[in-house]
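Asks: Got a structure for you, questions after.
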Ligand SMILES: [Zn+2]
Ligand SMILES: [Zn+2]
């Protein structure tokens, strides 16, 4: 069966902590040149650059995935991924409705830019997108699944903004996978006991980091539905039965960054 490469955690100039020149167009072009088959745009608490992402991915013949890196009520970062733009924007409405309206302090953050596929600036989001939303993890997961999406706690092995840093344990919610940034070690072994698939992604905030980590999955063809199926198969099989990396992580993971993200 063919294998496909996806980077499912990528920020654009809409994120206040991402480089201002990381546009959907530059991301899609670089993703194509690096051989990615699928690219998700996951700005903090927002999918608003999704229309440009859709156009640019289509131009580059890459499968677009729409979503966001949600900050939950517990301040845990979670990837919320959707097959289509409408589902993502519907979820965004829910997130925005409970988001505090802190102004963006441009001494600390970049402006949060909405752009089109030609890199023209259409508008800015003037309230800070990174704070905790009103959705707790379980509610967010349920809302994502109701919209047919994939829910993945992000960078669980990081010492901040992660499941383990905020909660200290792995909830029993039916996560589709968990994202790691380094090969599994002692601290992530308990995830194996939780039998959740691992994925890895670049979490790129600057263009050079794109695809420095990525997720590889086997499928009949490259689509969101096939990615979902690959993760479900991996969950059912259980991580305990997987060989150690690098020969096969479920949705296998290759290439680690030379710089810390
Ligand atoms: Zn994060
Ligand atoms: Zn991120």
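In the working numbering, the protein residues as written are 37 to 297. Just so you know, even glycine gets a beta-carbon here, dropped at the ideal spot from N, CA and C.
For the pair the segment 142 to 158 and the segment 113 to 130, tell me if three or more CB-CB distances fall below 8 angstroms.
Replies: No, they do not touch.
Asks: Which residue marks the beginning of the beta strand (DSSP E) containing residue 148, and which one marks its end?
Replies: First-last of the beta strand (DSSP E) with residue 148: 148 to 151.
Asks: Answer yes or no: the CB of residue 190 versus the heavy atoms of ligand 1, is any distance below 7 angstroms?
Replies: Checking every heavy atom of ligand 1 against the Cβ of residue 190, one is found closer than 7 angstroms.
Asks: What three-state label does DSSP hand residue 45 in the structure shown?
Replies: In the structure shown, residue 45 sits in coil (DSSP, three-state: anything other than H, G, I, E or B).
Asks: Three Cβ pairs or more, each shorter than 8 angstroms: is that satisfied between the segment 115 to 122 and the segment 177 to 184?
Replies: As far as the Cβ criterion goes, the segment 115 to 122 touches the segment 177 to 184, which means the pair count is three or higher.
Asks: Could you tell me how far apart the beta carbons of residue 214 and residue 203 are, in whole angstroms, since I believe they sit closer than 8 angstroms?
Replies: Between residue 203 and residue 214 the Cβ distance is about 13 angstroms, and since that is not below 8 angstroms, they are no contact.
Asks: Rounded to whole angstroms, what's the CA-CA distance from residue 263 to residue 270? Just pull it up for me.
Replies: Approximately 11 angstroms, taken between the alpha carbons.
Asks: Would you say residue 239 touches ligand 2, meaning its beta carbon is less than 7 angstroms from a heavy atom?
Replies: Yes, the beta carbon of residue 239 sits closer than 7 angstroms to at least one heavy atom of ligand 2.
Asks: On the DSSP letters alone, give me the boundaries of the beta strand (DSSP E) that residue 80 sits inside.
Replies: Run containing residue 80: 74 to 80, per the beta strand (DSSP E) assignment.
Asks: Quick check for students: name the residue ranges of the alpha helix (DSSP H) that lie wholly in the segment 226 to 272, counting only runs of 4 or more.
Replies: Here no run is fully enclosed.
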